[in-house]
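Sequences listed follow chains A and B, in order. Residues in the first sequence are numbered from 3 upward in steps of one, following the working numbering. Residues in the second sequence are numbered from 1310 upward in steps of one, following the working numbering. Here the structure comes first, spelled out in structure tokens, and everything after it is commentary.
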Amino acid sequence: MRINVDRDICCGAGMCVLTAPDIFEQSDEDGLVVLLRQPDAAEADIAGEATQLCPSGAITVADEGDPAN
Amino acid sequence: MAKTMPTSVAPMPLVDGLPVERSDPFDPPAVLEALREERPISRLRYPGGSQGWLVTSYPLARAVLADPRFSRRRELQHAPRRIAFEEEHPGPAEPGFFIGMDPPEHTRYRRQLTSHFTVRRMRDLEDRIARITAEHLEAMERHGPPADLVAAFALPIPSLVICELLGVPYTDREKFQHDTRVLLHLDSSFEEAMGALVSLRQYLHGLVVRKREAPADDLISTLIAGGGLDDEEVAGIAVLLLIAGHETTANMLGLGTFALLQHPDQLAALRADPSLEENAVEELLRYLTIVHIGPTRAALEDVELDGELVRAGEVVTLSLPAANRDPERFGNPDGLDLRRSATGHLAFGHGIHQCLGQQLARIEMRTGFAQLLARFPNLRLAVEPENVQLRTDMAIYGVHSLPVAW
């Protein structure tokens, strides 16, 4: 699983940080999403949930491909 | 899976104004649940006479809220039932009232605020919220039973917290709580509601002007210092945050306590296992869904929704209480089950307007319920449950008061 974040459409609701704090962060400066790192295989479910919960659609799952970040 | 033609199924009922009457204090109006079982989208006649739509299912409500073809611009909306502060032909949102705007105006305002309401910033407030909560519960205990839980606990705690965050003097609370009550009361006349709104605006504008002269360590001063907003805009934002910051959480605390007391098995489970607290907050948000009128969205173009054609300009009302009881999304939806995972509920809305202060609300609720239950092991209603005054007559649902003993 590979995650993309789009800070231009992020509304700073914080659902990603609440759900998967090891993967997502909100920048102190603007409150918008920061992808800390790509989820590993064991984190696929939680990352998927954070993607689902994102209200603005700023977090998306990219096509399966190169697992390297 | 789209239906073929709307005419091929049962004739579509026309709902006349959004129903708010309830037969059970915690359940959405039965007619909304019946509509959802029949079809996820129905025709709704708005009080001003125009015809639009009412969405009652979870997937459709969520889809509309996330769809940029549906606008939040205030001048395009119709109120789904008569609400004094919502005119039939409203003008554009006033400066700072970003809940009535689309991008890029909405984005410009929200961006000024997002860094102040992050998960981390709100957790930094946790100790202060815990102290405020403890002080109020101590005072309630000293006062002795019976006490009104709304006046002693549910209303003052979020009011004080949002006052401190914004930099609004808490000593002015009677004024802004009174104005908010008039503004959000469904029986207020248009003149009364507008008077209350103007009064709130003037009050906060005065505060903004004073803070421009003498800044302090608070959000209003920070917004002024940011330089991107004029005084009218900062005052408008402050009105929104002040109302949203105390009125919604207050009703979740009041109605949430009522719900827990009426579900002793759930209350016992929460007392026995404090690790349920986070789940409990989400489930109470889902189960109670206090935003019971609207939100609304106006179609910017013709859009097909579940086989129905919503025409450009038509207004769609989303019933969040009905959506959050959708059995397709939440199993046994009418049961309060603090052990379930209720994440994904729509109590804070969805899409780019999703509640800015939701992380603050979560902490206030988690702290509030935990301390309340710990301090009062024998908390109980001091009146018969049918005598608890429900806020069906307000734009935000809840209880007007909750007499308790211990």
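Glycine included, C-beta positions come from ideal geometry on N, C-alpha and C.
Beta carbon proximity, residue i to chain A, threshold 8 Å
{"i": "residue 1660 of chain B", "result": "yes"}
{"i": "residue 1668 of chain B", "result": "yes"}
{"i": "residue 1649 of chain B", "result": "no"}
{"i": "residue 1417 of chain B", "result": "no"}
{"i": "residue 1619 of chain B", "result": "no"}
{"i": "residue 1428 of chain B", "result": "yes"}
{"i": "residue 1676 of chain B", "result": "no"}
{"i": "residue 1679 of chain B", "result": "no"}
{"i": "residue 1605 of chain B", "result": "no"}
{"i": "residue 1311 of chain B", "result": "Summary for residue 1311 of chain B: the model assigns pLDDT 47, below 50, so the residue's position carries little reliability; its value from the coordinates is reported in the next sentence. With 8 Å as the cut-off, residue 1311 of chain B does not count as an interface residue toward chain A."}
{"i": "residue 1470 of chain B", "result": "no"}
{"i": "residue 1537 of chain B", "result": "no"}
{"i": "residue 1652 of chain B", "result": "yes"}
{"i": "residue 1423 of chain B", "result": "yes"}
{"i": "residue 1698 of chain B", "result": "no"}
{"i": "residue 1420 of chain B", "result": "yes"}
{"i": "residue 1553 of chain B", "result": "no"}
{"i": "residue 1375 of chain B", "result": "yes"}
{"i": "residue 1575 of chain B", "result": "no"}
{"i": "residue 1663 of chain B", "result": "yes"}
Residue interval of the beta strand (DSSP E) (run including residue i)
{"i": "residue 1325 of chain B", "result": "1323-1325"}
{"i": "residue 28 of chain A", "result": "26-28"}
{"i": "residue 1353 of chain B", "result": "1350-1354"}
{"i": "residue 1649 of chain B", "result": "Element bounds for residue 1649 of chain B: n/a, residue is neither H nor E."}
{"i": "residue 1360 of chain B", "result": "1360-1364"}
{"i": "residue 61 of chain A", "result": "61-64"}
{"i": "residue 5 of chain A", "result": "4-7"}
Opening and closing residue of the alpha helix (DSSP H) in which residue i lies
{"i": "residue 1556 of chain B", "result": "1540-1570"}
{"i": "residue 72 of chain A", "result": "There is no way to answer for residue 72 of chain A, as the model of chain A reaches only from 3 to 71."}
{"i": "residue 1340 of chain B", "result": "1339-1347"}
{"i": "residue 1442 of chain B", "result": "1435-1452"}
{"i": "residue 19 of chain A", "result": "17-21"}
{"i": "residue 74 of chain A", "result": "Outside the shown range of chain A (3 to 71) lies residue 74 of chain A, about which nothing can therefore be said."}
{"i": "residue 1588 of chain B", "result": "1586-1597"}
{"i": "residue 1697 of chain B", "result": "From DSSP, residue 1697 of chain B is part of no alpha helix (DSSP H); its letter is neither H nor E."}
Alpha-carbon to alpha-carbon, residue j and residue i
{"i": "residue 1660 of chain B", "j": "residue 59 of chain A", "result": "8 Å"}
{"i": "residue 1552 of chain B", "j": "residue 1675 of chain B", "result": "21 Å"}
{"i": "residue 28 of chain A", "j": "residue 37 of chain A", "result": "9 Å"}
{"i": "residue 14 of chain A", "j": "residue 1625 of chain B", "result": "25 Å"}
{"i": "residue 1621 of chain B", "j": "residue 1681 of chain B", "result": "49 Å"}
{"i": "residue 1655 of chain B", "j": "residue 1712 of chain B", "result": "29 Å"}
{"i": "residue 63 of chain A", "j": "residue 7 of chain A", "result": "9 Å"}
{"i": "residue 1497 of chain B", "j": "residue 1652 of chain B", "result": "35 Å"}
{"i": "residue 1441 of chain B", "j": "residue 1466 of chain B", "result": "7 Å"}
{"i": "residue 1326 of chain B", "j": "residue 1439 of chain B", "result": "42 Å"}
{"i": "residue 1390 of chain B", "j": "residue 39 of chain A", "result": "47 Å"}
{"i": "residue 33 of chain A", "j": "residue 1597 of chain B", "result": "29 Å"}
{"i": "residue 1411 of chain B", "j": "residue 1451 of chain B", "result": "49 Å"}
{"i": "residue 1378 of chain B", "j": "residue 1610 of chain B", "result": "7 Å"}
{"i": "residue 1636 of chain B", "j": "residue 1594 of chain B", "result": "16 Å"}
{"i": "residue 1425 of chain B", "j": "residue 1323 of chain B", "result": "43 Å"}
{"i": "residue 1527 of chain B", "j": "residue 1473 of chain B", "result": "7 Å"}
{"i": "residue 1574 of chain B", "j": "residue 1644 of chain B", "result": "12 Å"}
{"i": "residue 47 of chain A", "j": "residue 1419 of chain B", "result": "30 Å"}
{"i": "residue 1456 of chain B", "j": "residue 1524 of chain B", "result": "38 Å"}
{"i": "residue 1672 of chain B", "j": "residue 1471 of chain B", "result": "13 Å"}
Cβ of residue i within 8 Å of any chain B Cβ
{"i": "residue 7 of chain A", "result": "no"}
{"i": "residue 55 of chain A", "result": "yes"}
{"i": "residue 45 of chain A", "result": "no"}
{"i": "residue 37 of chain A", "result": "no"}
{"i": "residue 63 of chain A", "result": "no"}
{"i": "residue 32 of chain A", "result": "yes"}
{"i": "residue 28 of chain A", "result": "yes"}
{"i": "residue 50 of chain A", "result": "no"}
{"i": "residue 141 of chain A", "result": "Because chain A here runs from 3 to 71, residue 141 of chain A falls outside it and cannot be looked at."}
Heavy atom of the ligand NAP within 7 Å of residue i beta-carbon
{"i": "residue 1588 of chain B", "result": "The model on display carries no ligand, and the ligand NAP is accordingly not part of it."}
Is there contact between the stretch 1363-1370 of chain B and the stretch 1627-1637 of chain B, where contact requires at least three CB pairs shorter than 8 Å? yes
Entirely enclosed alpha helix (DSSP H) segments - the stretch 1603-1639 of chain B, minimum 4 residues: 1629-1632
Please give the ranges of any alpha helix (DSSP H) in the stretch 1456-1521 of chain B, keeping only runs that are unbroken, at least 4 residues long and fully inside the region. 1465-1475, 1482-1493
Please determine if the stretch 1606-1623 of chain B and the stretch 1354-1363 of chain B are in contact, where contact requires at least 3 C-beta pairs separated by less than 8 Å. yes
Segment contact, 8 Å Cβ cut-off, at least three pairs: the stretch 7-23 of chain A with the stretch 46-63 of chain A: yes
Evaluate contact between the stretch 1678-1697 of chain B and the stretch 1574-1581 of chain B, counting only Cβ atoms and requiring at least three cross-stretch pairs below 8 Å. yes
Contact between the stretch 1342-1355 of chain B and the stretch 1583-1590 of chain B: three or more CB pairs below 8 Å? no
Three or more C-beta pairs closer than 8 Å, one from the stretch 1446-1463 of chain B and one from the stretch 1483-1500 of chain B: is that the case here? no
Is there contact here, the stretch 1530-1539 of chain B with the stretch 1429-1436 of chain B, by at least three beta-carbon pairs under 8 Å? no
Specify whether the stretch 1474-1485 of chain B and the stretch 1512-1524 of chain B touch according to this definition: at least 3 beta carbon pairs, one from each stretch, less than 8 Å apart. yes
Starting from the N-terminal side, write out each stretch of the alpha helix (DSSP H) that is 4 residues or longer and does not extend beyond the stretch 1656-1686 of chain B. 1667-1684
Contiguous alpha helix (DSSP H) assignments of at least 4 residues, all confined to the stretch 1377-1431 of chain B: 1414-1422
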